[in-house]
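So the structure is just underneath, and the comments pick up after that.
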Amino acid sequence: MKLVLLLTGKTDQAWIRDGVAEYEKRISKYGRLEIVTLPDVKNPGNRTADWVKSKEAERMVSFFRADDHVVLLDERGKGYSTLEMAEWLRKAMMLPAKRIVFVVGGPYGFDPSVTARADHSVSLSRLTFSHQVVRLLFAEQLYRVLSVNAGDPYHHE
1 MKLVLLLTGK TDQAWIRDGV AEYEKRISKY GRLEIVTLPD VKNPGNRTAD WVKSKEAERM
61 VSFFRADDHV VLLDERGKGY STLEMAEWLR KAMMLPAKRI VFVVGGPYGF DPSVTARADH
121 SVSLSRLTFS HQVVRLLFAE QLYRVLSVNA GDPYHHE
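Quick note: the sequence shown uses the numbering used here, first residue 1, plus one each step.
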């Protein structure tokens, strides 16, 4: 099963890029994580948040394949402990889907068309994080979850 992290817009903070790259390297011990960055919406100007989300959604939906298992990283998603998330991912990796696509939305969240396409939604916390910081938090958690599932002593519980 291929794991994909789909991002909206470039990461503009070097420390976040460096952190994600570090976890991407660590994750490679367990499999491949493909990180795909969709371009920012050009010239949003004074457009509404809904307009920006709809433009982002067009790109996201066109990226998805029919057999993808799409997982939104959203503050309103299901919350898990690390061990619960590890168990969920272990089961999800047995699905007939070829890819699990984890999606980080833009600064305004997700358009309803993306939410409708999603198979699952995960919250990394009840706290609100910027869409930039979520990239790093998710990469770290994915590494932790994969290490738990591999039986490595990374998680101390």
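For each residue, glycine too, the CB sits at the ideal point set by N, CA and C.
Problem - Which listed residue (70, 101 and 105) has its alpha carbon closest to that of residue 8 - result: The residue you call residue 8 lines up with position 8 of the sequence shown. Selected option, being the one with the closest Cα: 105.
Exercise for the section: Throw me the rounded Cβ distance for the residue 4 and residue 102 pair, which I believe falls under 8 Å. Expected result: Locating residue 4 in the sequence shown gives position 4, counting from the first residue. Locating residue 102 in the sequence shown gives position 102, counting from the first residue. Sure, about 7 Å apart at Cβ, within 8 Å.
Handout entry: Where residue 21 falls, given that 16 or more other Cβ within 10 Å makes a residue buried
Key = Counting from 1 along the sequence shown, the entry for residue 21 is found at position 21. Result: exposed.
Problem - Within the segment 43–85, ranges of the beta strand (DSSP E) (whole runs, at least 3 residues) - result: Along the segment 43–85, the beta strand (DSSP E) occurs as fully enclosed runs of 3 or more residues at 68–79, listed in sequence order.
Handout entry: C-beta atoms of residue 123 and residue 74 nearer than 8 Å
Key = As a position in the sequence shown, residue 123 is number 123, starting the count at 1. As a position in the sequence shown, residue 74 is number 74, starting the count at 1. The beta carbons of residue 123 and residue 74 sit closer together than 8 Å.
Problem - Alpha-carbon spacing of residue 18 relative to residue 118, whole angstroms - result: Within the sequence shown, residue 18 is the residue found at index 18, counting from 1. Within the sequence shown, residue 118 is the residue found at index 118, counting from 1. Residue 18 and residue 118: Cα-Cα distance of roughly 29 Å.
Handout entry: Top-ranked residue by Cα proximity to residue 112, from 50, 79, 67 and 139
Key = Here residue 112 refers to the residue found at position 112 when the sequence shown is read from its first residue. Checked all of 50, 79, 67 and 139; the closest Cα to residue 112 is 50.
Exercise for the section: Report, in whole angstroms, the separation of the C-beta atoms of residue 92 and residue 145, which I expect to be a contact under 8 Å. Expected result: Looking up residue 92 in the sequence shown gives position 92. Looking up residue 145 in the sequence shown gives position 145. Their Cβ separation, rounded to whole angstroms, is 11 Å, which puts residue 92 and residue 145 out of contact at 8 Å.
Handout entry: Opening and closing residue of the alpha helix (DSSP H) in which residue 25 lies
Key = Here the question's residue 25 lines up with position 25 in the sequence shown. For residue 25, the enclosing alpha helix (DSSP H) starts and ends at 14–27.
Handout entry: Cβ-based neighbour list, residue 26, same chain, cut-off 7 Å, excluding 5 preceding and 5 following
Key = Mapped onto the sequence shown, residue 26 falls at position 26. Same-chain partners within the cutoff: 143.
Practice task
Go ahead and pull the three-state DSSP assignment for residue 224.
Solution key: There is simply no residue 224 to check, as the chain begins at 1 and stops at 157 in what is shown.
Handout entry: residue 60 versus residue 134: straight-line alpha-carbon distance, rounded
Key = The residue given as residue 60 occupies position 60 in the sequence shown. The residue given as residue 134 occupies position 134 in the sequence shown. Each residue's Cα considered, the two are about 17 Å apart.
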